[in-house]
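The structure under discussion appears below in the form of C-alpha cells.
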Amino acid sequence: MPSATVHVPPERKGAPNVAISPDEIAGYETYSPKVQQIIKTGLELTRQNLGYTYGSADPANGGMDCSGFIYYVLQENGFADVPRDSSQQYVWVRKAGNFNAVLSRHPDSFELDALKPGDLLFWSGTYKIDRDPPVTHTMIYLGREKGTKKAIMVGASDGRTYDGKQRFGVSVFDFKLPPPPNSNDAKLSPAFVGYGRIPGLTKD
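Positions 806 to 1009 (my numbering) are the ones given, in order, by the sequence shown.
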C-alpha cells in the first residue's frame, strides 16, 4: 500500500486532460445500470482538473494515483472491500475468478474478446517497485468512443496518451497494448497483464 504521505510532483508539461460525457461512449445506454454508474463516477472525476498525485485516493488532494482512482470510484459505488493498491486489486479480481490473462501484444487478439466496459485493466512494469504480484498500474475500461471508434479507458496516469498526446492526471486515455520490448533495452518494459470483472458486479 502506498505511504500515507502524499507526494505532489512538480507541474509537468502535457496536453490538457480529457473529459467526455457518457453519451460519447458507443452503446453506453445498453450497459447495466451499475456499470453505467461506475463509469459516470469516473468520468465526473475527469472534469475536476485533477493531477497525478502518488499516494492519494481523494480528489480533495487535487490529484490521485491510479489505484487511488479505482479505490475511490468503487468505494463510492458500494464496493467496500476493494483494496487500495493496484497489486492487491489484481489479487482481488484473481481470487474472485474473474481475471482474463493477456499475453498477446496485438489489439485484435482473441484474448481481448471477453473484455467488457467496467472491467478493471492491469499492467506490470510501469515503474520500478518491489511488489508481489508485480502489478503496477490499473484503469477502468470504458468501451469505444463514438467519434473515433477507438477503445478508451479512464483513470489516473503519469503520462499515458489520448489522441497521441501525453496526459498527466485523471483523464480519459486510449486503451492500447504496449509494443514488444526492445531486447537491447535494459529499462522498464510495461506489459499489459490482463483484465477482469469487478468482484461483486453481476454479469450482464
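Virtual Cβ for every residue (Gly too), placed ideally from N, Cα, C.
Bear in mind the structure is a predicted one, so any value in this text is a computation, not a measurement.
Worksheet item: Can you list the beta strand (DSSP E) stretches of 3 or more residues lying completely in the segment 887-961, in chain order?
Response: 904-906, 925-929, 940-949
Worksheet item: Which of the three DSSP states, helix, strand or coil, is assigned to Thr1013?
Response: Outside the displayed range of the chain (806 to 1009) lies residue 1013, so it cannot be described from this structure.
Worksheet item: Assuming Val907 and Gly999 make a contact with CB atoms under 8 Å, what is their CB distance in whole Å?
Response: 5 Å
Item to complete: Closer than 8 Å by C-beta to Pro814: which residues in its own chain qualify, once you throw out the five before and the five after it? Chain order, please.
Response: Caution is warranted here: a pLDDT of 45 is assigned to Pro814, below 50, making its placement in the model unreliable, and the coordinate value is therefore given only provisionally. The answer, listed in chain order, is Gly856, Tyr857, Thr858, Tyr859, Asp963.
Discussion item. Classify Ala919: buried if its beta carbon has 16 or more other beta carbons within 10 angstroms, exposed otherwise.
Written reply: Ala919 should be labelled exposed.
Discussion item. Less than 9 Å between the beta carbons of Val975 and Thr851, yes or no?
Written reply: yes
Fill in: Touching by the beta-carbon criterion (3+ pairs, under 8 Å), the segment 967-986 and the segment 890-899
no
Worksheet item: Just how far apart, CA to CA, sit Met869 and Glu881?
Response: 15 Å
Worksheet entry | Minimum C-alpha distance to Ser909 - residue among Tyr833, Pro983, Gly832, Lys845 | Looking only at Tyr833, Pro983, Gly832, Lys845, the smallest Cα-Cα distance to Ser909 is reached by Pro983.
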